[in-house]
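Student:
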């Protein structure tokens, strides 16, 4: 899913590439059909929205959400060796607030310039050499990628590797190692229905957003995303794509990438790519493979 931003008549709009005709939506959208098709993030799902911040005087820069972005490499590279973290799980759980504080520095917002606007998404810091994991559909068609960290640092990124079938991509930034806070990758094979999970990302451009839910099902198939996915009722929306789904220890168990919904937003049926599948592909993605 990627979003386009427009300032026409003070609106901030997103257009669904797959499900709409790419024309701006009216200020007052028509009522949805009785049985509309499911809306999904993959390959650019976007929703027409009115920027309420404009009405309150926030100005024309109000953010609209979509999926991740693309950029160019920055100077100031960190010298520390890469340290991707992995874990087999823990029996102790943390509070939601402590998980958020722990993981937020390892989640980034991506802004991708497209020929018709911008796409916004999320990403996961993998190591201290600057590799970041996201969805392939977030950067698809992007001309450059900008990465924003939770401390306000914004740098350009370059594409390292992409797998459009798996909907995964790795991009790389060049920043001080102190800016990079790799998230711990967990073990999705131990995930059970009913487990508490959290999604961190930039839904509708709202960076650093944090939602809570449970694992609703496992091994599910979504039309936009493929098979063997983790289903969750944690709120996931355009802009969450590429961000982490974490467990009660703050370990990444999935990469958020799509929703099923009869309306333009989350109704509690979201999907994430299991981290075990991601781990199988990371060596090739970090090695520059593009398929």
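Numbering (the working numbering), first residue to last: 22 to 312.
Heads up, the beta-carbon is just placed ideally off N, CA and C, and yes, glycines get one too.
Quick caveat: nothing in here was measured; it's all calculated off a predicted structure.
Spatial neighbours of residue 256 within its chain, please: CB distance less than 6 Å, with the 5 preceding and 5 following residues excluded, ordered by chain position.
Tutor: Closer than 6 Å at the Cβ level, and outside the excluded window around residue 256, lie 232, 287.
Student: In angstroms with no decimal places, state the Cα-to-Cα distance between residue 150 and residue 248.
Tutor: Between residue 150 and residue 248, the C-alpha separation is close to 31 Å.
Student: With a Cβ-Cβ cutoff of 8 Å, do residue 181 and residue 281 count as a contact?
Tutor: Taking 8 Å as the Cβ cut-off, residue 181 and residue 281 do not qualify as a contacting pair.
Student: Residue 224 and residue 260 look like a contact to me (Cβ under 8 Å); what is the Cβ gap, rounded to whole Å?
Tutor: About 4 Å; that satisfies the 8 Å criterion.
Student: Please name the residue or residues paired with residue 233 in a DSSP beta bridge.
Tutor: The partner list for residue 233 (beta bridge, DSSP) reads 219.
Student: Which first and last residues belong to the alpha helix (DSSP H) in which residue 305 is found?
Tutor: Segment 296–307, the alpha helix (DSSP H) holding residue 305.
Student: Express the C-alpha separation of residue 184 and residue 97 in angstroms, rounding to a whole number.
Tutor: Low confidence applies here, because residue 97 scores a pLDDT of 32, under 50, leaving its location unreliable; read the following figure in that light. For residue 97 and residue 184, the distance between alpha carbons rounds to 28 Å.
Student: How big is the Cα-Cα spacing for residue 266 and residue 274?
Tutor: Approximately 6 Å between the Cα atoms of the pair.
Student: Closest to residue 196 by C-alpha separation, out of 209, 148, 205, 155, would be which residue?
Tutor: Nearest option by C-alpha distance: 148.
Student: In whole angstroms, what separates the C-alpha of residue 36 from that of residue 241?
Tutor: Note that residue 36 scores 28 on pLDDT, short of 50, meaning its location in the model is unreliable and no value can be drawn from it.
Student: Return the first residue and the last residue of the alpha helix (DSSP H) that residue 254 is part of.
Tutor: Where residue 254 is concerned, there is no enclosing alpha helix (DSSP H), given that its DSSP letter is neither H nor E.
Student: Put residue 127 into one of helix, strand or coil per three-state DSSP.
Tutor: Here residue 127 sits in helix by DSSP.
Student: Which residues bound the beta strand (DSSP E) around residue 214?
Tutor: Looking at the DSSP string, residue 214 is not in any beta strand (DSSP E), and its letter there is neither H nor E.
Student: Using the beta-carbon count (16 or more within 10 Å), is residue 296 buried or exposed?
Tutor: The residue in question, residue 296, is buried, as its Cβ has 16 or more Cβ neighbours within 10 Å.
Student: For residue 174, which option in 300, 136, 157, 199 has the closest C-alpha, if you only look at C-alpha atoms?
Tutor: That would be 199, whose Cα lies nearest to the Cα of residue 174.
Student: Among residues of its own chain, excluding the 5 on either side of residue 311, which ones have a beta-carbon nearer than 7 Å to its beta-carbon?
Tutor: The answer, listed in chain order, is 182, 183.
Student: Tell me the rounded alpha-carbon separation between residue 219 and residue 253.
Tutor: The alpha-carbon atoms of residue 219 and residue 253 are separated by roughly 9 Å.
Student: Return helix, strand or coil for residue 170, following the three-state DSSP convention.
Tutor: It is coil, neither helix nor strand.
Student: With a threshold of 16 other CB atoms inside 10 Å of the CB of residue 304, please say whether the residue is buried or exposed.
Tutor: By the neighbour-count rule (16 or more Cβ atoms within 10 Å), residue 304 is not buried but exposed.
Student: For residue 251 versus residue 236, is the C-beta distance shorter than 8 Å?
Tutor: Yes, the pair counts as a contact, with Cβ atoms nearer than the cut-off.
Student: Please name the residue in 211, 278, 258 whose C-alpha comes closest to that of residue 243.
Tutor: The residue with the shortest Cα to Cα distance from residue 243 is 278.
Student: Among 268, 301, 283, 292, which residue has its Cα nearest to the Cα of residue 115?
Tutor: Checking every option, the nearest Cα to that of residue 115 belongs to 268.
Student: How close, in whole Å, do the beta carbons of residue 124 and residue 234 come, if the pair is a contact with beta carbons under 8 Å?
Tutor: The Cβ separation is near 16 Å, so there is no contact.
Student: Bridge partners for residue 241 per DSSP, in chain order?
Tutor: Answer is 250, bridged to residue 241.
Student: Taking C-alpha atoms, which residue in 292, 238, 166 lies nearest to residue 214?
Tutor: For residue 214, the nearest C-alpha among the options comes from 238.
Student: Classify residue 65: buried if its beta carbon has 16 or more other beta carbons within 10 angstroms, exposed otherwise.
Tutor: For residue 65, the predicted model reports a pLDDT of 37, less than 50, meaning its position is unreliable; a value from the coordinates is still stated below. The residue is buried, with at least 16 neighbouring Cβ atoms inside 10 Å.
Student: Which residue comes first and which comes last in the beta strand (DSSP E) that contains residue 140?
Tutor: Its beta strand (DSSP E) spans residues 138–146.
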